[in-house]
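Following: one structure in structure tokens, then a few remarks.
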Amino acid sequence: GQMPAVLANRFGGVIFHEACGHLLETTQVERGTTPFAEKVGETIAHEAVTAIDEGLTGGAFGSLSMDDEGLEAQRTVLIENGVLKRFLSDRAGELRTGHARTGSGRRQSHTFAAASRMRNTYIAAGPHQPEDLIASVDRGLYCKSMGGGSVGPTGQFNFAVEEGYLIEDGKLTKPVKGATLIGEAKEVMPRISMCANDLELAAGFCGSVSGSIFVTVGQPHIKVDSITVGGR
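Count along the sequence shown from 1, then add 46; that gives the number in my numbering.
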């Protein structure tokens, strides 16, 4: 059923990458599959949430000197204090949607056409200690490690919880198995009410229309006020 959840930092950011990050690429605007297409300047997340995509962090797997269309890498604030600021855009995306290029035109190799793709994408650190998030939950779920999952074209998702624990009266208690987080980006983003100060990044690969590319996901510990938890 519905309950609050605290998601661990680092690779927990794969949910934001998959369920929301792709919806902020102009390829999704062109297809008409993002619910955020006309939302620039509007609130789409809780005010605690700031989300960034950039290609500049030294040593990060998604960093690059320039994108595959010759534009220098830059820092792009996607969401600031809950407000949608801009989309990730390549050259074709700018021509077709009007969203300015962000140095995000990427492809696996010359056999693919470049498309708007993520680089280092993460939810920014907040002011809280990780234990503060757990202490604020009377009864919920702590997701320490996420497993595989699936994402629909408009941001519906389900992800397995590889390692999780019940939160009871603000403390971690029993371990659980078989739990699944189920939701939709446009519904879950406004419920991320607390972000901790322990941002960490994790390397990975992302497959899409322009092939498989190297990216980074990340986040601090975050608290989701209410999310559907499947399993038993």
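By construction, the Cβ of each residue, glycine as well, lies at the ideal position given by its N, Cα and C atoms.
Neighbourhood of residue i by C-beta distance below 6 Å, restricted to the same chain and skipping five residues each side
i: E93; result: N127 and G128
i: V123; result: I98 and K131
i: L27; result: This structure gives no information on residue 27, because the portion of the chain shown stretches from 47 to 278.
i: N166; result: E100, T103, A106, G108 and T262
i: T226; result: N204, A206, G276 and G277
i: G67; result: M164 and T167
i: T80; result: L69 and Q74
Classification of residue i by the beta-carbon crowding that lies within 10 angstroms, buried from 16 upward
i: T157; result: exposed
i: K220; result: exposed
i: A146; result: exposed
i: M164; result: buried
i: G194; result: exposed
i: E88; result: exposed
i: A159; result: exposed
i: P199; result: exposed
i: G224; result: exposed
i: R56; result: buried
C-alpha distance - residue i paired with residue j, whole-angstrom precision
i: K232; j: I90; result: 7 Å
i: V255; j: A161; result: 7 Å
i: I238; j: G116; result: 36 Å
i: G78; j: R153; result: 22 Å
i: T148; j: G257; result: 19 Å
i: G250; j: F260; result: 6 Å
i: H174; j: D244; result: 9 Å
i: L179; j: A242; result: 7 Å
i: G139; j: V75; result: 9 Å
i: G222; j: E209; result: Looking at the sequence provided, one finds Val at residue 222 rather than Gly. Answer to the nearest angstrom: the Cα atoms are 7 Å apart.
i: E230; j: Q265; result: 18 Å
i: F82; j: C252; result: 21 Å
i: L247; j: L141; result: 32 Å
i: S135; j: T143; result: 9 Å
i: T96; j: E214; result: 29 Å
i: S196; j: A170; result: 24 Å
i: E71; j: L53; result: 24 Å
i: F133; j: S191; result: 29 Å
i: G186; j: L110; result: 39 Å
i: E64; j: A51; result: 18 Å
i: D184; j: V234; result: 19 Å
i: L69; j: I228; result: 17 Å
i: G216; j: V60; result: 25 Å
i: H176; j: R121; result: Looking at the sequence shown, residue 176 is not His but Pro. Cα-Cα distance, rounded: 26 Å.
i: V236; j: G201; result: In the sequence as presented, Val is not what sits at residue 236; that position holds Pro. If I take the Cα positions, the gap works out to 14 Å.
Beta-ladder partner(s) of residue i, from DSSP
i: A83; result: Answer by DSSP bridge pairing: none, since A83 is not bridged.
i: V261; result: G250
i: G151; result: S162
i: T167; result: D99 and V263
i: V60; result: Paired residues: none, contrary to the question.
i: G276; result: T226
Beta-carbon contacts of residue i that lie in its chain and below 8 Å, excluding the five residues immediately before and after
i: Q48; result: S272, I273, T274 and V275
i: K85; result: L130
i: M112; result: E118, A119 and G149
i: M240; result: A94, G172, H174, D178, L179, S182, I268 and K269
i: F62; result: A97, T167, Y168, I169, V263 and Q265
i: S155; result: G257
Contact set for residue i: own chain, Cβ-Cβ below 7 Å, skip 5 residues either direction
i: R137; result: E115, R147 and G151
- Task: Return the chain-ordered ranges of every alpha helix (DSSP H) run that is complete within the segment 179-259 and spans a minimum of 4 residues.
- Result: 231-234
- Query: Fully enclosed by the segment 82-136, which beta strand (DSSP E) runs are 3 residues long or longer?
  - Reply: Listed in chain order, they are 97-100 and 121-126.
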